[in-house]
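Numbering (our numbering), first residue to last: 621 to 827.
Yeah, the Cβ is synthetic: ideal placement off N, Cα and C, and Gly gets one too.
Predicted model only: the values in this text are computed from it and were never measured.
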């Protein structure tokens, strides 16, 4: 099972955070998932994130932490913790832009990160419910609706194969023409500095 359980500090006891990374997602699958999101189908309550706009695990998990913390403090700006994860990736409070830039796009998103936050009461859920309430049910549900996609380890190396630095990261986080970045000649060092600046921008927005 290529579904990973993530450990984050300050997460409520019993709460589980699950992540998966799929490549080669078909256009029909991305269309179906987005349609279910728009319909607010509770069985499809996930954070569906376009992986081309993600730099690293640290980048992704910074957004997850911010969203889970917002849920714990009753300060969500969106309907649920999963949509909050998507908008937490943005450097500002423009919710519609965040959905468009980091969320799944029908027919376009072929590299997809899925995050599922299971509530602390999930162990008491009805196993016959259509809403996935355990890691096993979540994985079965994802496999059913992402047939043909390739489950991929969520590592920095794998994420780097899909990151769109020019058209997305630099543009979305306004990193073009930043003198401090342009002065760095080593590409690996430059990307690490961009990652640091991106995570800092996300953190500052929460203040």
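Complete runs of the beta strand (DSSP E) confined to the region 632-686 [at least 3 residues]: When DSSP assignments are scanned along the region 632-686, the uninterrupted stretches of beta strand (DSSP E) that are 3 or more residues long and fall wholly within it turn out to be 636-643, 667-670.
Please return the same chain residues whose Cβ sits closer than 7 Å to the Cβ of residue 672, not counting the five positions on each side in sequence. Within the same chain, and ignoring the five residues on either side of residue 672 in sequence, the residues whose Cβ sits closer than 7 Å to its Cβ are 731, 782, 783, 784, 788.
Counting only the same chain and skipping the five closest in sequence on each side, list residues whose C-beta sits under 7 Å from that of residue 708. Within its own chain, the residues whose Cβ lies closer than 7 Å to the Cβ of residue 708, once the five positions on either side in sequence are excluded, are 683, 686, 687, 822, listed in chain order.
Please classify residue 760: does DSSP put it in a helix, a strand, or coil? Note: residue 760 maps to helix in three-state DSSP.
Taking 8 Å as the threshold, find out whether the region 763-781 comes into contact with the region 635-643 through three or more Cβ pairs. Yes, since at least three Cβ pairs between the region 763-781 and the region 635-643 fall closer than 8 Å, the two stretches touch.
Just tell me which of 813, 649, 800 has its CA closest to the CA of residue 724. Relative to the Cα of residue 724, the nearest Cα in the group 813, 649, 800 belongs to 649.
Considering only residues of the region 710-734, which uninterrupted alpha helix (DSSP H) runs meet the minimum length of 4 residues and lie entirely inside it, listed in chain order? Counting only runs of 4 or more, we get 715-722.
Looking at the strands, I want to know which residues DSSP matches up with residue 624. As DSSP reads the structure, residue 624 sits in a beta bridge with 639.
Tell me whether residue 808 is buried or exposed, calling it buried when 16 or more other Cβ atoms sit within 10 Å of its Cβ. Residue 808 is exposed by the Cβ-count criterion.
Option in 670, 639, 680, 665 with minimal Cα separation from residue 816: For the residues 670, 639, 680, 665, the minimum Cα distance to residue 816 belongs to 680.
Using a 10 Å radius around the Cβ and a threshold of 16 neighbouring Cβ atoms, would you call residue 826 buried or exposed? With fewer than 16 other Cβ atoms within 10 Å, it is exposed.
So, is residue 767 buried or exposed, given that buried needs 16 or more other C-beta atoms within 10 angstroms? Residue 767 is exposed by the Cβ-count criterion.
Would you mind sorting residue 657 into buried or exposed? The rule is 16 or more other CB atoms within 10 Å of its CB. Burial call: buried.
Taking the straight line between their C-alpha atoms, what separation do you get for residue 576 and residue 653? No answer is possible for residue 576: it lies beyond the span of the chain, which begins at 621 and ends at 827.
Which residue from 795, 702, 791 puts its Cα closest to that of residue 721? Measuring from the Cα of residue 721, the nearest candidate turns out to be 791.
Apply the 10 Å Cβ neighbour rule to residue 736 and answer buried if 16 or more other Cβ atoms are within range, or exposed otherwise. Buried: at least 16 other Cβ atoms inside 10 Å.
What residues are listed by DSSP as bridge partners for residue 737? Within the DSSP bridge table, the entry for residue 737 names 637 as partners.
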